[in-house]
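Okay, structure first, notes after.
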Amino acid sequence: MKIEELKELIIENLKDKNEEFKRIFHGRGNFYDDYNFLTIDSIDEVLFIVLFDELEKKKDDELLKMIKDIFEFFNYKTLVLQRRYLDKSPCELLEGTLKENNIAIESSIKYHISFTNKNIGFFPDMKVGHDYISNIAKDKNVLNLFSYTCAFSLSASKAGASKVVNVDMSKTALTIGRKNHHLNNLDTSNIYFMPYNILKSWNRIKKQGPYDIIIIDPPSFQKGSFAASKDYEKIIKKLDSLASEECVVLSALNAPELDTVFIKNIFKKYASVFKFEKRLENMNTFPSIDEEKSLKNLIFVK
Ligand SMILES: C[S@@+](CC[C@H](N)C(=O)[O-])C[C@H]1O[C@@H](n2cnc3c(N)ncnc32)[C@H](O)[C@@H]1O
7 MKIEELKELI IENLKDKNEE FKRIFHGRGN FYDDYNFLTI DSIDEVLFIV LFDELEKKKD
67 DELLKMIKDI FEFFNYKTLV LQRRYLDKSP CELLEGTLKE NNIAIESSIK YHISFTNKNI
127 GFFPDMKVGH DYISNIAKDK NVLNLFSYTC AFSLSASKAG ASKVVNVDMS KTALTIGRKN
187 HHLNNLDTSN IYFMPYNILK SWNRIKKQGP YDIIIIDPPS FQKGSFAASK DYEKIIKKLD
247 SLASEECVVL SALNAPELDT VFIKNIFKKY ASVFKFEKRL ENMNTFPSID EEKSLKNLIF
307 VK
């Protein structure tokens, strides 16, 4: 794809631009084979570019010039670039000023985000999962495993869940999660924030059960904390002891090397009372040439 074609595609994708977060270019799924190093997000008044590989100077200049044209044409206020291939992935402010508190909006829910971290504070490809949970969470007791900044908790609590238990070993992520509830004026009296290593805290997690909805959204690999290839089954082995009679499980995985069969087989082996219902379809703003390599959200029902 030539740079002019890329520009046209971005302009097309920005036609319905509004304050909601939108991935306006997603190269990571290799769908646009010569741009797998690039993602571009529209975050209200911020245009956010991530470069995953170092480019030749000429190509880098050409790309950033095109993006600056887009920035001006659509009247964005701030242009931020993250060079993800650099060690600490610092963000550069290319245009405008950066507010102290930045917010992303997904399905009318607000999230605190920060451009100082590699991950800005929420995972936009999981919108399908968040929306699914908001449709089923009313009056339910929800367990949100690997909650990060509590995105699922916001969806569930906004939809009227009776209780949400968020578990993540990162206290920082949970602190942002709590702030995210306040940002959305959600009452936190029935929202729990548990800063534990999930693999070592089953008794504490079980105390708040049984759960009507269980969300499992782990990293594919985090050194010393979780490796999906060997640890995913440890979670599934515990499921039945945490679940209510008609529990719904959202089992997610974003490891390109582990496919849907990997998850289904673990359920068959260790939690066969849960039947596979469906896989949630990924958003078309995150195109991929191989769906098995992209985000998998599988629904199982007891
Ligand atoms: C992919 S993120 C979860 C994203 C989140 N569900 C969402 O929708 O935004 C993975 C999280 O798992 C947490 N984590 C990794 N290993 C863990 C463990 N053994 N126990 C608890 N949390 C863990 C990390 O701190 C990180 O916040």
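Residue numbers for the sequence shown follow our numbering, beginning at 7 and rising by one.
Positions of the beta carbon are idealized from the N, C-alpha and C atoms, including for glycine.
Nearest neighbour of F199, chosen from E18, V170, E68, N190 [CA to CA]:
Within the sequence shown, residue 199 is the residue found at index 193, counting from 1. For F199, the nearest C-alpha among the options comes from V170.
What is the residue span of the beta strand (DSSP E) that L151 lies within?
By 1-based counting over the sequence shown, the position of residue 151 is 145. Counting along the chain, the beta strand (DSSP E) containing L151 begins and ends at 147–151.
Tell me which residue opens and which closes the beta strand (DSSP E) that I119 is part of.
To locate residue 119, count along the sequence shown from 1; it is residue 113. In the DSSP annotation of this structure, the continuous segment of the beta strand (DSSP E) that includes I119 starts and ends at 115–119.
State yes or no: is the C-beta of Y138 nearer than 7 Å to some heavy atom of ligand 1?
As a first step, residue 138 must be located in the sequence shown, where it is residue number 132. It does not: the Cβ of Y138 is nowhere closer than 7 Å to a heavy atom of ligand 1.
Give me, in chain order, the residues of the same chain whose beta-carbon lies closer than 6 Å to that of I219; leave out the 5 immediate sequence neighbours on both sides.
Locating residue 219 in the sequence shown gives position 213, where the first residue counts as 1. Cβ neighbours of I219 beyond the five flanking positions: K146, V148, V254.
Helix, strand or coil at A249 according to DSSP, with G and I counted as helix:
To locate residue 249, count along the sequence shown from 1; it is residue 243. Residue state, collapsed to three classes: strand.
Taking the alpha carbon of P225 as the point to measure from, which residue in N141, F158, N260, L104 has its own alpha carbon closest?
Taking the sequence shown and counting its residues from 1, the one referred to as residue 225 is at position 219. Looking at the Cα atoms, N260 is the closest of the given residues.
Any heavy atom of ligand 1 closer than 7 Å to the Cβ of S113?
Numbered from 1 along the sequence shown, position 107 holds the residue referred to as residue 113. Every heavy atom of ligand 1 is 7 Å or more from the Cβ of S113, so no.
With a threshold of 7 Å (Cβ to nearest heavy atom), would Q214 be considered close to ligand 1?
The residue you call residue 214 lines up with position 208 of the sequence shown. Checking every heavy atom of ligand 1 against the Cβ of Q214, none is found closer than 7 Å.
As an exercise, report each continuous alpha helix (DSSP H) stretch of at least 4 residues that is fully enclosed by the segment 214–282, in chain order.
234–248, 266–276
Alpha carbon of S176 to alpha carbon of N203, nearest angstrom:
By one-based count along the sequence shown, residue 176 stands at place 170. By one-based count along the sequence shown, residue 203 stands at place 197. Roughly 9 Å between the two C-alpha positions.
Would you kindly report the start and end of the unbroken alpha helix (DSSP H) that includes F79?
As a position in the sequence shown, residue 79 is number 73, starting the count at 1. First-last of the alpha helix (DSSP H) with F79: 63–79.
Confirm the yes/no value for this check: CB of V173, any heavy atom of ligand 1, distance under 7 Å.
What you label residue 173 is simply residue 167 of the sequence shown in a count that begins at 1. Yes, Cβ of V173 sits closer than 7 Å to a heavy atom of ligand 1.
Expected contact under 8 Å - CB spacing of W208 and K244 to nearest Å:
In the sequence shown, the residue the question calls residue 208 occupies position 202. In the sequence shown, the residue the question calls residue 244 occupies position 238. Contact flag correct, Cβ pair sits at about 6 Å.
How big is the Cα-Cα spacing for V52 and T84?
The residue you call residue 52 lines up with position 46 of the sequence shown. The residue you call residue 84 lines up with position 78 of the sequence shown. Going from the Cα of V52 to the Cα of T84 covers about 5 Å.
With hydrogens ignored, establish whether the beta-carbon of M289 is closer than 7 Å to any heavy atom of ligand 1.
Here residue 289 refers to the residue found at position 283 when the sequence shown is read from its first residue. No, the Cβ of M289 stays beyond 7 Å of every heavy atom of ligand 1.
Ligand 1 heavy atom lying under 7 Å from the CB of S257:
As a position in the sequence shown, residue 257 is number 251, starting the count at 1. No, since every heavy atom of ligand 1 falls outside the 7 Å radius drawn around the Cβ of S257.
According to DSSP, residues forming a beta bridge with N290:
Within the sequence shown, the letter at position 284 stands for residue 290. According to DSSP, which records beta bridges pairwise, N290 is partnered with nothing at all.
What residue does the alpha helix (DSSP H) around L15 start on, and which one ends it?
Position 9 of the sequence shown, counted from the first residue, corresponds to residue 15. Here the alpha helix (DSSP H) through L15 covers 9–19.
Measuring CB to CB, does I222 end up less than 8 Å from A258?
Within the sequence shown, numbered from 1, the residue matching residue 222 stands at position 216. Within the sequence shown, numbered from 1, the residue matching residue 258 stands at position 252. Result yes, Cβ atoms of I222 and A258 sit closer than 8 Å.
Going by DSSP, name the residue or residues bridged to C97.
Mapped onto the sequence shown, residue 97 falls at position 91. According to DSSP, C97 bridges with Q88.
Distance, Cα to Cα, A143 vs T194?
On the sequence shown, position 137 is the one that residue 143 refers to. On the sequence shown, position 188 is the one that residue 194 refers to. Each residue's alpha carbon lies about 16 Å from the other.
Between the CA atoms of E18 and D47 - distance to the nearest angstrom:
Taking the first residue of the sequence shown as position 1, residue 47 is located at position 41. Taking the first residue of the sequence shown as position 1, residue 18 is located at position 12. Looking at the two C-alpha atoms, the distance is approximately 14 Å.
Exposed or buried, which one is E112 when buried takes at least 16 other CB atoms within 10 Å?
The residue you call residue 112 lines up with position 106 of the sequence shown. With 16 or more Cβ atoms within 10 Å of its Cβ, E112 is classed as buried.
Please classify L57: is it buried, with 16 or more other beta-carbons within 10 angstroms of its beta-carbon, or exposed?
Numbered from 1 along the sequence shown, position 51 holds the residue referred to as residue 57. With 16 or more neighbouring CB atoms inside 10 Å of its own CB, L57 falls in the buried class.
Helix, strand or coil, according to DSSP, for N186 in the structure here?
The residue given as residue 186 occupies position 180 in the sequence shown. In this structure, N186 counts as helix in the three-state DSSP scheme.
Can you check DSSP and say which residues form a bridge with D39?
Looking up residue 39 in the sequence shown gives position 33. Note: D39 sits in no beta bridge, so no partner.
Nonlocal neighbours in the same chain, by C-beta distance under 7 Å from M7, ignoring five residues either side:
Position 1 of the sequence shown, counted from the start, is the residue given in the question as residue 7. Hits under 7 Å: Y38, D40, Y41.
Roughly how many angstroms lie between the CA atoms of A76 and D22, to the nearest whole one?
For the purposes of this step, residue 76 is taken as the residue at position 70 of the sequence shown. For the purposes of this step, residue 22 is taken as the residue at position 16 of the sequence shown. The question names Ala, yet the displayed sequence has Ile at residue 76. The alpha-carbon atoms of I76 and D22 are separated by roughly 14 Å.
Is there at least one non-hydrogen atom of ligand 1 closer than 7 Å to the beta-carbon of N313?
Residue 313 lies beyond the stretch modelled for the chain, which goes from 7 to 308, so this question has no answer here.
Report the CB separation of F152 from I139 in whole angstroms; it is logged as a contact under 8 Å.
Residue mapping note: residue 152 aligns to position 146 of the sequence shown, counting from 1. Residue mapping note: residue 139 aligns to position 133 of the sequence shown, counting from 1. Between I139 and F152 the Cβ distance is about 14 Å, and since that is not below 8 Å, they are no contact.
Kindly list the residues whose CB is nearer than 6 Å to the CB of K116, restricted to its own chain and excluding five residues on each side of it in sequence; keep chain order.
To locate residue 116, count along the sequence shown from 1; it is residue 110. Answer for K116: I109, L189, N190, listed in chain order.
Have a look at T45, S294, A162 and flag the residue whose alpha-carbon is nearest the alpha-carbon of P256.
The residue you call residue 256 lines up with position 250 of the sequence shown. It should be pointed out that residue 256 corresponds to Leu in this sequence rather than to Pro. Here the closest residue by C-alpha is A162.
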